[in-house]
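Student: Keeping their order, the protein sequence lines are chains A and B.
By the count of our numbering, the first sequence reaches residue 404 at its end, each step adding exactly one.
By the count of our numbering, the second sequence reaches residue 304 at its end, each step adding exactly one.
The C-beta atom is built at its ideal place from N, Cα and C for all residues, glycine as well.
These numbers come from a predicted model, not from an experiment.
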Amino acid sequence: MALSKMTIWELKQIFKGKKFTYAFVIQFFVILAIIPLFDVYSEILEDPQEIILPTSKDYLPVAISSSPLTQVIDEHPIFRVYHVSEEQGGSLLKDHIVCCFISGETILFDENNPKARVAEYHLQRLLQQEPDIEPSWILNERSVVPRQQLRARELAMREIRRTAEMMQSEEINYSTLLVLLLAIFLASGILVDLVVSEKEKQTGEILMSLPVQSWKVLLSKVFSVVIVLVCQIALWIFTLYFLGRVSSLFSMLPLFLMSFLIISLTSLVSVYSKSYKEAGFAITVSYVLLFAFLMSASAFYVFSEKFSFLSPLSLVVMIEKGQSTVSGIVYAALPVFLVSCVLIFVSARLYGRDEFYFGPRPSLFRVLLEEAVKPLSALLSWLLVILLLYTDILNGVVL
Amino acid sequence: MIKIINVSKTFGNITALTNLDLEIREGELFGLVGPNGAGKTTAIRIVCGILHPTGGRVLIDDQNVFENIHIKKRIGYLPEEPNLYTRPTAFELLQYFGSLYGNSSPQRIEDLLHFVGLYHRKDSKVETFSKGMRQRLAFARALVHNPDILILDEPTMGLDPATAKRVRQFIKTFKREKTIILCTHYMEEADELCDRVGFLDRGRIVKIGKPLALKEELKKESTYEVILNNADSELLNHIKEHVVSQDENKLICALNPEDISYLLETYPSEIFSIQTIAPTLADVFERYTHGTQ
């Protein structure tokens with residue numbers, strides 16, 4: 006009863022606060038503004054001539070010998086053009102100095118050079134603008150011989166075509182969903198405010214004198230924030246769904262998992278911190294570490310298709326690739342959910358310790374020792390005792 | 012009723028309380044006085060179940076406050092600072108805390124607001140209240156569940172004389188009806204209100220008794236106000252052990268009549284005047300504690 010009363014109270018306080026209203030409205034406009042921005046971005050991506058960044062200038066070295074494409078290529082900033090004779094062009098290609106050699110209406114690619122794929126893509130786009138020219142695509146002799154390289158080239162071409170198709174499709178709009186992280190950060194901010202302000206304004210002293218267990222006090226704060234967050238994310242996702250930006254609501258599951266993980270981490274940091282200043286610094290550091298871990302874990306999954314349980318982002322990839330099965334989703338989602346639950350459990354335990362309110366706070370090492378090492382060693386001791394007893398019983402049975 | 016048995020509390024390397032033993036009887040108004048940092052607030056936080064003691068235990072009617080959380084329903088706690096949420100109205104705030112104690116009837120809350128003189132502001136947000144009003148509201152919050160134990164930490168600190176007088180009146184209303192622990196710096200307040208007083212110094216109870224008895228005890232030694240012609244007088248070296256307090260050339264000393272005769276004969280030119288004074292609780296405080304008020 007006390008837990009539900011306190012949760013409702015915290016929710017009321019959140020909605021009464023001007024900070025939340027302002028942040029909510031600003032966030033709403035950012036999300037609405039970001040949709041047309043992403044549309045423009047995806048249009049730009051569809052036309053590669055428009056997105057030549059300063060770093061991409063002269064990125065592709067090509068050799069040209071009297072070709073009708075000379076003028077078009079000369080004007081394209083991504084190409085670094087060598088005007089050569091037919092013989093010189095051939096040797097530049099063999100020496101891997103250029104990634105392709107254009108001679109007349111024939112284009113030769115150095116298949117050992119990864120830039121050749123990019124050059125091929127750009128040339129294809131240029132050729133679409135010059136319908137009079139019909140070049141014959143000729144592979145370099147060395148690349149034709151090993152079949153593996155040919156296979157690699159086919160795969161690369163398929164990947165390029167897929168990317169181009171993706172850019173034109175609605176799938177790019179999933180990037181829009183990144184802005185939903187704003188909602189998660191807002192919720193984290195609210196949680197820090199709810200927990201740390203009790204310490205800074207000393208209202209927590211009253212809460213500790215109430216006939217209510219301290220873990221209920223913390224959980225009421227976490228629950229109220231989770232309710233706000235779930236409603237908020239659901240609202241954004243449905244808005245995006247009706248605007249046609251999301252085709253599958255199912256793929257949003259990892260977002261909820263991520264938010265739970267971030268909220269639980271925030272609760273732990275807030276319980277440990279004594280002031281906003283401390284909490285701000287600790288949360289920045291922990292978020293950076295968390296995102297670095299999650300991103301690298303999902304990148305690892307993309308390459309190896311292993312260890313999907315390390316990051317909920319892997320689950321997005323899994324769903325997007327259509328590889329999701331019920332067991333796969335449980336395997337990928339359960340560990341993150343359990344870690345979040347453990348973080349909440351530890352936060353609730355620490356919240357009951359008065360050192361985090363009054364007097365000098367114990368060091369992280371001491372907290373770790375008391376909260377993790379001691380229970381673990383106790384658990385191991387019990388397991389050992391049980392094992393010994395079990396062995397004795399077995400021996401007794403055998404004897 | 013309240014038994015504090017061998018309670019110790021350390022914060023890291025700092026010892027706040029050492030083997031504190033105290034018994035407070037039912038219906039008693041007990042004053043806990045002591046200099047800053049003596050451990051008064053730590054002691055009452057432990058009684059309220061806010062701080063866990065490093066050693067010892069606190070029993071309320073033989074039940075440990077840390078083992079039976081429902082005991083807290085019997086305690087009304089007023090911290091040194093009002094520490095109230097500022098967004099809700101006075102009525103909402105009392106209703107919320109009342110609901111957590113299982114006692115949030117609107118009638119009870121309105122009666123409490125009448126009692127502390129804030130009924131006319133019941134729908135105003137707490138953030139619009141002055142310090143005195145907040146303190147009165149905090150007092151109402153401590154009483155919202157009609158506890159039989161009241162623990163008050165410096166209830167009149169920082170208040171103007173009129174509001175402080177009003178708060179003292181509230182405390183007097185509950186004398187005998189409730190068991191009260193009053194933590195205060197103000198000796199006059201302790202003298203006026205308390206049935207018994209405990210002097211806490213450096214985490215230990217150094218003296219305990221009824222205010223009148225404590226003053227009488229000091230009177231046996233006789234307290235004199237000695238005014239010297241010169242603050243650097245040699246006389247000071249002879250009586251420094253008997254000086255209770257000194258304000259430049261004005262000394263309050265606990266001496267016997269023989270000492271006075273000796274001083275008048277030996278240092279006649281250095282003494283401006285000598286007169287006997289009735290000891291106050293502040294004198295007792297200074298006699299037994301190392302700090303100052």
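1) If we define contact as Cβ-Cβ less than 8 Å, is glycine 48(B) a contact residue for chain A?
2) Looking at chain A, is there any beta carbon in it that lies within less than 8 Å of the beta carbon of threonine 29(B)?
3) Name, please, each residue of chain A whose Cβ falls closer than 7 Å to the Cβ of isoleucine 263(B).
4) Please list the terminal residues of the continuous alpha helix (DSSP H) segment that includes proline 340(A).
5) With respect to the alpha helix (DSSP H) encompassing alanine 149(B), which residues constitute its N-terminal and C-terminal limits?
6) Quick one: what's valine 67(A) bridged to in DSSP?
7) Could you work out which residue in Asp243(B), Asn260(B), Ile16(B), Ser256(B) is closest to leucine 70(B) when comparing CA atoms only?
8) Does leucine 215(A) have its Cβ less than 8 Å from a Cβ in chain B?
9) 8 Å is my cut-off, CB to CB: does lysine 83(B) come that close to chain A?
10) What residues from the region 15–48 of chain A come within 9 Å of chain B, judged by C-beta to C-beta, listed N to C?
11) Between glutamate 55(A) and chain B, is any beta-carbon pair separated by less than 8 Å?
12) Please give the ranges of any alpha helix (DSSP H) in the region 223–282 of chain B, keeping only runs that are unbroken, at least 4 residues long and fully inside the region.
13) Hey, would you say alanine 68(A) sits closer than 8 Å to leucine 98(A), going by beta carbons?
14) Give me the Cα-Cα distance between isoleucine 192(B) and lysine 10(A), rounded to the nearest whole angstrom.
15) Would asparagine 260(B) and asparagine 241(B) be called neighbours here (beta carbons separated by less than 8 Å)?
16) Using the DSSP secondary-structure output, state which residues sit across from threonine 195(B) in a beta bridge.
17) For isoleucine 194(B), would you say it is in contact with chain A, using Cβ-to-Cβ distances shorter than 8 Å as the test?
18) Does phenylalanine 22(B) come within less than 8 Å of chain A when only Cβ atoms are used?
19) Run the CB neighbour count on asparagine 248(B), radius 10 Å, all protein chains shown included, and call it buried at 16 or more, exposed below.
20) Using a C-beta cutoff of 8 Å, does lysine 206(A) count as contacting chain B?
21) If contact means a Cβ-Cβ distance below 7 Å, which residues of the region 344–368 of chain A contact chain B?
22) Nearest CA to the CA of valine 30(A): which residue from Leu187(A), Trp220(A), Val335(A)?
23) Work out the CA separation of isoleucine 238(A) and arginine 152(A) for me, nearest whole Å.
24) Nearest to glutamine 18(A) by CA position, among Ser229(A), Val201(A), Ile189(A), Cys105(A), is which residue?
25) With burial defined as no fewer than 16 other Cβ atoms inside 10 Å of the residue's Cβ, what is the status of threonine 289(A): buried or exposed?
26) Just to check my reading of the structure: aspartate 115(A) and histidine 101(A) have Cβ atoms closer than 8 Å, yes? What is that Cβ distance to the nearest angstrom?
27) Roughly how many angstroms lie between the CA atoms of serine 272(A) and isoleucine 78(A), to the nearest whole one?
28) Consider the Cβ of serine 141(B): report whether some Cβ of chain A lies at a distance smaller than 8 Å.
29) Determine the burial state of lysine 279(A): buried for a count of at least 16 other Cβ atoms within 10 Å of its Cβ, exposed for fewer.
30) Which residue marks the beginning of the beta strand (DSSP E) containing threonine 29(B), and which one marks its end?
31) Just verifying my parser: in three-state terms, what is the DSSP assignment at glutamine 74(B)?
32) Return no unless some Cβ of chain B is closer than 8 Å to the Cβ of isoleucine 211(A).
33) Ordered along the chain, which non-local residues of its own chain (more than five positions away) have a Cβ less than 6 Å from that of leucine 124(B)?
34) Within its chain, find whatever has a CB closer than 6 Å to the CB of valine 227(A); leave out the 5 residues flanking it on each side and keep chain order.
35) Could you name the residues of the same chain whose beta carbon sits closer than 6 Å to that of serine 225(A), not counting the 5 residues immediately before and after it, in chain order?
36) To the nearest angstrom, how far is it from the Cα of tyrosine 362(A) to the Cα of tyrosine 306(A)?
Tutor: Answer, in terms of the structure:
1) The residue you call residue 48(B) lines up with position 37 of the second sequence. Not closer than 8 Å to any Cβ of chain A, the Cβ of glycine 48(B) fails to qualify, so no.
2) In the second sequence, residue 29(B) corresponds to position 18, counting from 1. Answer no: the Cβ-Cβ gap between threonine 29(B) and chain A never drops below 8 Å.
3) Counting from one through the second sequence, the residue named residue 263(B) turns up at place 252. The premise fails here: isoleucine 263(B) is roughly 36 Å from chain A at the closest Cβ pair, so nothing lies under 7 Å.
4) To locate residue 340(A), count along the first sequence from 1; it is residue 335. Start and end: 331–356.
5) To locate residue 149(B), count along the second sequence from 1; it is residue 138. Note, alanine 149(B): alpha helix (DSSP H), 142–154.
6) On the first sequence, residue 67(A) is found 62 positions in, with the first residue counted as 1. According to DSSP, valine 67(A) bridges with Val86(A), Cys105(A).
7) Here residue 70(B) is taken as the residue at index 59 of the second sequence, counted from 1. Residue Ile16(B) is the option with its Cα nearest to leucine 70(B).
8) By 1-based counting over the first sequence, the position of residue 215(A) is 210. Interface residue, yes.
9) By 1-based counting over the second sequence, the position of residue 83(B) is 72. With 8 Å as the cut-off, lysine 83(B) counts as an interface residue toward chain A.
10) Lys17, Gln18, Lys21, Gly22
11) Along the first sequence, one-based indexing puts residue 55(A) at 50. With a pLDDT of only 46 at glutamate 55(A), under 50, the local geometry of the prediction cannot be trusted, and no value is derived from it.
12) 246–250, 268–277
13) As a first step, residue 68(A) is located in the first sequence; it is residue number 63 there, counting from the start. As a first step, residue 98(A) is located in the first sequence; it is residue number 93 there, counting from the start. Taking 8 Å as the Cβ cut-off, alanine 68(A) and leucine 98(A) qualify as a contacting pair.
14) To locate residue 192(B), count along the second sequence from 1; it is residue 181. To locate residue 10(A), count along the first sequence from 1; it is residue 5. Roughly 30 Å separates the two Cα atoms.
15) By one-based count along the second sequence, residue 260(B) stands at place 249. By one-based count along the second sequence, residue 241(B) stands at place 230. Cβ distance < 8 Å, so asparagine 260(B) and asparagine 241(B) count as in contact.
16) The residue you call residue 195(B) lines up with position 184 of the second sequence. In DSSP, threonine 195(B) forms a bridge with Val44(B).
17) Within the second sequence, the letter at position 183 stands for residue 194(B). Per the sequence presented here, residue 194(B) reads as cysteine, with isoleucine not at that position. No, cysteine 194(B) does not count as interfacial toward chain A.
18) Residue 22(B) sits at position 11 when you count from the first residue of the second sequence. Yes, because at least one Cβ of chain A sits closer than 8 Å to the Cβ of phenylalanine 22(B).
19) In the second sequence, residue 248(B) corresponds to position 237, counting from 1. With fewer than 16 Cβ atoms within 10 Å of its Cβ, asparagine 248(B) is classed as exposed.
20) Mapped onto the first sequence, residue 206(A) falls at position 201. So yes, lysine 206(A) belongs to the interface.
21) Asp359, Phe363, Gly364, Pro365
22) The residue labelled residue 30(A) in the question sits at position 25 within the first sequence. Ranking Leu187(A), Trp220(A), Val335(A) by Cα distance to valine 30(A) puts Leu187(A) first.
23) As a working mapping, residue 152(A) is identified with position 147 in the first sequence. As a working mapping, residue 238(A) is identified with position 233 in the first sequence. With a pLDDT of 39 at arginine 152(A), under the threshold of 50, the modelled position of that residue is not reliable, and the figure given next carries that caveat. Their backbone Cα atoms lie some 50 Å apart in a straight line.
24) For the purposes of this step, residue 18(A) is taken as the residue at position 13 of the first sequence. With distances taken between Cα atoms, glutamine 18(A) lies closest to Ser229(A).
25) Counting from one through the first sequence, the residue named residue 289(A) turns up at place 284. The residue is exposed, with fewer than 16 neighbouring Cβ atoms inside 10 Å.
26) Looking up residue 115(A) in the first sequence gives position 110. Looking up residue 101(A) in the first sequence gives position 96. Contact holds; Cβ gap of about 6 Å.
27) Reading the first sequence from its first residue, position 267 is the one you call residue 272(A). Reading the first sequence from its first residue, position 73 is the one you call residue 78(A). Each residue's alpha carbon lies about 57 Å from the other.
28) Translated into positions along the second sequence, residue 141(B) becomes position 130. Answer no: the Cβ-Cβ gap between serine 141(B) and chain A never drops below 8 Å.
29) Position 274 of the first sequence, counted from the start, is the residue given in the question as residue 279(A). Burial call: exposed.
30) Locating residue 29(B) in the second sequence gives position 18, where the first residue counts as 1. Run containing threonine 29(B): 25–35, per the beta strand (DSSP E) assignment.
31) The residue you call residue 74(B) lines up with position 63 of the second sequence. Reduced to three states, the DSSP call for glutamine 74(B) is strand.
32) Position 206 of the first sequence, counted from the start, is the residue given in the question as residue 211(A). Closer than 8 Å to some Cβ of chain B, the Cβ of isoleucine 211(A) qualifies, so yes.
33) The residue labelled residue 124(B) in the question sits at position 113 within the second sequence. Around leucine 124(B): Tyr130, Lys133.
34) On the first sequence, residue 227(A) is found 222 positions in, with the first residue counted as 1. Excluding sequence neighbours, valine 227(A) sits near Ser272.
35) Counting from 1 along the first sequence, the entry for residue 225(A) is found at position 220. Excluding sequence neighbours, serine 225(A) sits near Leu8, Met11, Thr12, Glu15.
36) Indexing the first sequence from 1 puts residue 362(A) at position 357. Indexing the first sequence from 1 puts residue 306(A) at position 301. Whole-angstrom Cα-Cα distance: 42 Å.
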